[in-house]
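Chains as they are written, first to last, in the working numbering: chain A, 1 to 347; chain B, 348 to 694; chain C, 695 to 1041.
We put the CB at the ideal spot given by N, CA and C, even for glycine.
What you are looking at is a predicted structure, and each value in this text was computed from that prediction instead of being measured.
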Amino acid sequence: MGADPRFFPARGPLSLAAIAEAAGASLGVDDGRLLAGVAPLTLAGAQDIAFCEGRRHVAALRETRAGAVLVAADAEAAVPAGCVALVVDAPQLAYARVAALFHPRPAPVPGINPTAAIAADATIGAGCEIGPFVVVGAGAEIGPGCILHAHAVVGPGCVLGAGSILRAHASLLHCIAGTGVVLHEGARVGNEGFGFVTTKAGQHVTVPQVGRVLLGDGVEIGANACVDRGAGGDTVLGPGTRLDNLVQVGHNVKTGLGCVIVAQVGIAGSSELGDFVVIAAQAGITGHITLGDGARVGAQAGVMNHVPPGIDVVGSPAWPARETLKAFAWLRRQVAPKGNDKTGGTA
Amino acid sequence: MGADPRFFPARGPLSLAAIAEAAGASLGVDDGRLLAGVAPLTLAGAQDIAFCEGRRHVAALRETRAGAVLVAADAEAAVPAGCVALVVDAPQLAYARVAALFHPRPAPVPGINPTAAIAADATIGAGCEIGPFVVVGAGAEIGPGCILHAHAVVGPGCVLGAGSILRAHASLLHCIAGTGVVLHEGARVGNEGFGFVTTKAGQHVTVPQVGRVLLGDGVEIGANACVDRGAGGDTVLGPGTRLDNLVQVGHNVKTGLGCVIVAQVGIAGSSELGDFVVIAAQAGITGHITLGDGARVGAQAGVMNHVPPGIDVVGSPAWPARETLKAFAWLRRQVAPKGNDKTGGTA
Amino acid sequence: MGADPRFFPARGPLSLAAIAEAAGASLGVDDGRLLAGVAPLTLAGAQDIAFCEGRRHVAALRETRAGAVLVAADAEAAVPAGCVALVVDAPQLAYARVAALFHPRPAPVPGINPTAAIAADATIGAGCEIGPFVVVGAGAEIGPGCILHAHAVVGPGCVLGAGSILRAHASLLHCIAGTGVVLHEGARVGNEGFGFVTTKAGQHVTVPQVGRVLLGDGVEIGANACVDRGAGGDTVLGPGTRLDNLVQVGHNVKTGLGCVIVAQVGIAGSSELGDFVVIAAQAGITGHITLGDGARVGAQAGVMNHVPPGIDVVGSPAWPARETLKAFAWLRRQVAPKGNDKTGGTA
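Here it is as structure tokens:
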């Protein structure tokens, strides 16, 4: 069973040749069959194309009823009879491209919903789709081909590049955003940071937060995630950086290219990430530190010091991965009954 | 003092007999008194009924000024003179039922606010209450007796079963939901999952997320919580499953019946929970693992492997609870001064 | 470069004398120069005033091109030639006051947007600014000089004190709030708590949540943070308490004066904080415990027991800071190669 057409109508049917071209696949035999859509190996039928990525999927591959499958050369032998193998180097990447062939990102349906509240001096580019109850503030500039879904808010003076998408209830304030930026549902960009000074008498005095947020081309911000604006100077997310849901980014944080920040991570103020840093879910990064290019942080880690380029850290407080895992295994051995290392729930 | 009538007007006053019947209580003597509402032991007056659950409440029970109290047999002796004891097996459960007698969930006030934006071909069941600035997309089907509070958004094609409630600012997209479902304020259901493949050049290519969310009857989603739709195939929350605020559920996660997921928990993609799994606050579950029926995960745990049915795990990485607590106690003894185990702040 | 005038137009230019007065600074020489705004040391130009707080900033101070700088006496020697030093005891506090001189919090622009849905019997105080698509429920009372930004929702019966601000998409329900309260974007106050009782058959029965939220004067709630109302009795945040983004506060939590709760912290039901308690990011506080006045909780800590006044705790489960850090250092020494304590990523 492919995607539910109620939500995801597929283009097609498409020929094996067209699919192979999108996938960059070598296609052995083309029996002229047409395919109607994409589906996981376990749900696919004769009309669908699936993919097999790595050993985790091989058992499902042997049993699949898919009409075709994107597969690496080393798993091709497991493709069942009657299923066409499209051999590729990176099956999931090929799948992403084939799935986008059947399900291209919906183009904007140009028009401004009559309920939207657009400031008189705001600029709306050609071909934009502006949904119900959208608010665009004074002097804001929305580039061509953007989609602003229901209830999205763009604050005064903001710039949003061409082809960007604000999903339902997202808010974009004090921000200059590049092209192809996506804010998912309820994402909050440009909020006031947590900046105050406490007097000796215990009163918290707000420090005016007069910086911006700069979002590079292709940045995506997950549902209900928060990116505070700079206190002075800017919060900057580099091109291609992706934040998952419920991530917190403090004021004046900076990331390089293509960083990946998984759900519920928090990054405290003024920390800086190099290019292609990966932070796994629920980890925390303290303020005023740097993570070098390609550094990777484990889930739930608590990073309190600088991390050099290319280093993996885990644990809270975070240490290099190898030493930490060794230490914890050793600790449990001190008290655990012998031979108990493989009890359910162990790491 | 009972509930503030500005927010929670109570039905009543109600007789002891009516209350005892709702509670399933044995009522020794009925002196004909009437009660006006519910209140905690410490705040209740002569017009109120309170409850005493377990040893934590017994001191407050001895001092209460409540007119009546729901109490287990073993605490009845602590009920002060003048306070009527309603003896039950499970006082808090009885309290829930009595409180619902005074404060039934508000019924919908049928009608569609004139500001709501309802697609021409959407179906709104009988007796629904649709608040201001609500958006219902093309082809969506809202069952009878639902309440959609201000700013709620239902996406195209969604199905919402009878008697469901979307609270303010909630969004429901790409979703088939059963009856009696509740999305609390700002809950996000059906978002695009965090699915992409990174090329060798470092470009993140989005994998089209063409699955749905299926919500069983009685599912509740907490305020600002997020449930991503499936990548292919569905994200499924089984009947009676409850998510607290700020929970993150990744694409293709599945839960069984009546799971309880406490605040700020994250469950990564494709993990599967059996029936009645309980995950305490801020814990994280990695992707592609299973937690068996009745498994319980401690607060802040980080679960990286399968957990068999009925097993409790704690810690990050998570291990069976007994061994972990033993290991940590042992560790601290290695360095702590003797006799210091009970310092404030210890576990 | 000072603040972007597109977002943050500055009052001014202002004289050194006016600035020194706001800062409480001793001004050595007044050469009559005027300043146009505030900026960080590294970005400031001859028109800007910056501040230097502590050793972290001294290198930048030596290189700054700022026209003037707020500085403690012990760093005055590092102020470059041509930059006017304004010597103060607490430079960041002085900066907060000077920045507010250039960028006072925007005053309300009185008026009710014609799209707002205000109940006929709600009270809107003098001089309020009510934005597009705002909803104010029956009987609610909004004090004078409040700003309700786009899509903000105030539920029936709520009271919001003078000079308060609800930012975009915030919701305030079942709440009595003091003066000068701020809810940032998407903040959720007064939600139904996670209260239910599970029957032997596994059914979760909701306990009606009939308490309120009481917010003291000057309370601030971060973006997408959640504060549940009381189950019976109230959830109370004391005057001056500040919550950062994505914080979770359960039903019947109480805080004293001026508590500081950093991003992504969770506080479970019925726990009580004294005055000036500080909880660092991502920490969790279990239910039904107390944290004494001035207690401090480290980032990612998991607090499971009472914490006496003035005690610092860290770790999960949380222990007093000194013992915990000692234990972890000792543990790593058991397995780490000698001399490896300062590897990148260590704590």
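Enumerate in chain order the residues of its own chain whose CB-to-CB distance from residue i is below 7 Å, with the five nearest sequence positions on each side excluded.
i      : result
A/V210 : G232
B/R412 : A391, G392, A393
A/Q300 : Q282, A283, S316
C/H751 : L735
A/P13  : L34, L35, A36
B/E400 : P438, Q439
A/A78  : V58, L61, R62
B/N652 : I636
Does residue i get closer than 8 Å to chain A when you measure Cβ to Cβ?
i       : result
C/D938  : yes
C/G849  : no
B/T633  : yes
C/H945  : no
C/N918  : yes
C/R1026 : yes
C/Q958  : yes
B/A515  : no
B/R535  : yes
Who are the Cβ neighbours of residue i in its own chain at under 8 Å, not counting the five residues just before and after it?
i      : result
B/P491 : G472, A473, G474, C475, A509, G510
A/L27  : L16, A17, A20, V84, L86
B/P503 : A466, G484, A485, G486, A487
A/V29  : V84
A/F194 : D228, G250, H251, G269
Flag residue i as yes if its beta-carbon sits less than 8 Å from any beta-carbon of chain C, otherwise no.
i      : result
A/N113 : no
A/V210 : yes
B/G404 : A small correction: the amino acid at residue 404 of chain B is His; Gly does not occupy that position in the sequence shown. Output row for B/H404: interface = no.
B/P667 : no
B/V650 : no
B/V682 : yes
A/E129 : no
Identify the residues that DSSP records as bridge partners of residue i: which are they?
i      : result
C/V763 : C/A744, C/A779
C/Q942 : C/C920, C/G960
C/H898 : C/T892
B/L590 : B/I568, B/I608
B/S663 : Answer is none; B/S663 lacks a bridge partner.
B/R403 : Answer is none; B/R403 lacks a bridge partner.
A/E129 : A/G111, A/I147
A/L166 : A/L148, A/L183
On a CA-only basis, which of the options is nearest residue i? Give me that one, please.
i       : options                        : result
B/L706  : A/I142, A/R332, A/G250, A/R188 : No answer is possible for residue 706 of chain B: it lies beyond the span of chain B, which begins at 348 and ends at 694.
A/F276  : A/L291, A/I285, A/I112, A/A50  : A/L291
C/L764  : C/V972, C/A844, C/R923, C/V792 : C/V792
C/L877  : C/G944, C/V848, C/G887         : C/V848
A/V227  : A/L148, A/A187, A/N305         : A/A187
C/A1021 : B/V682, B/R669, B/W677, B/A668 : B/V682
A/V38   : A/A23, A/V29, A/G32, A/D31     : A/A23
A/G266  : A/A3, A/G298, A/I49, A/P239    : A/G298
B/D378  : B/A397, B/A419, B/G429         : B/G429
A/P308  : A/V135, A/G294, A/V314, A/A50  : A/G294
B/P457  : B/L495, B/A469, B/Y442         : B/L495
Strictly under 8 Å for the Cβ-Cβ distance: is residue i near chain B by that measure?
i      : result
C/P734 : no
C/A814 : no
C/V829 : yes
C/V891 : yes
C/H868 : yes
Can you find the residues in the same chain that come closer than 6 Å, C-beta to C-beta, to residue i, ignoring five residues on each side of it along the sequence?
i      : result
C/R990 : V972, D1006
B/E532 : R514, A515, H516, A570
B/C606 : T588, L620, V624
A/D217 : G178, T179, G180, P239
B/V661 : G645, A648, A668, T671
Quiz item: Are at least three pairs of beta-carbons, each pair with one atom in the region 4-13 of chain A and one in the region 95-103 of chain A, less than 8 Å apart?
Solution: At 8 Å Cβ cutoff, the stretches touch.
Quiz item: Is the region 869-879 of chain C touching the region 888-899 of chain C, taking contact as three or more C-beta pairs under 8 Å?
Solution: By the Cβ criterion, the region 869-879 of chain C is not in contact with the region 888-899 of chain C, since fewer than three pairs of Cβ atoms, one from each stretch, lie closer than 8 Å.
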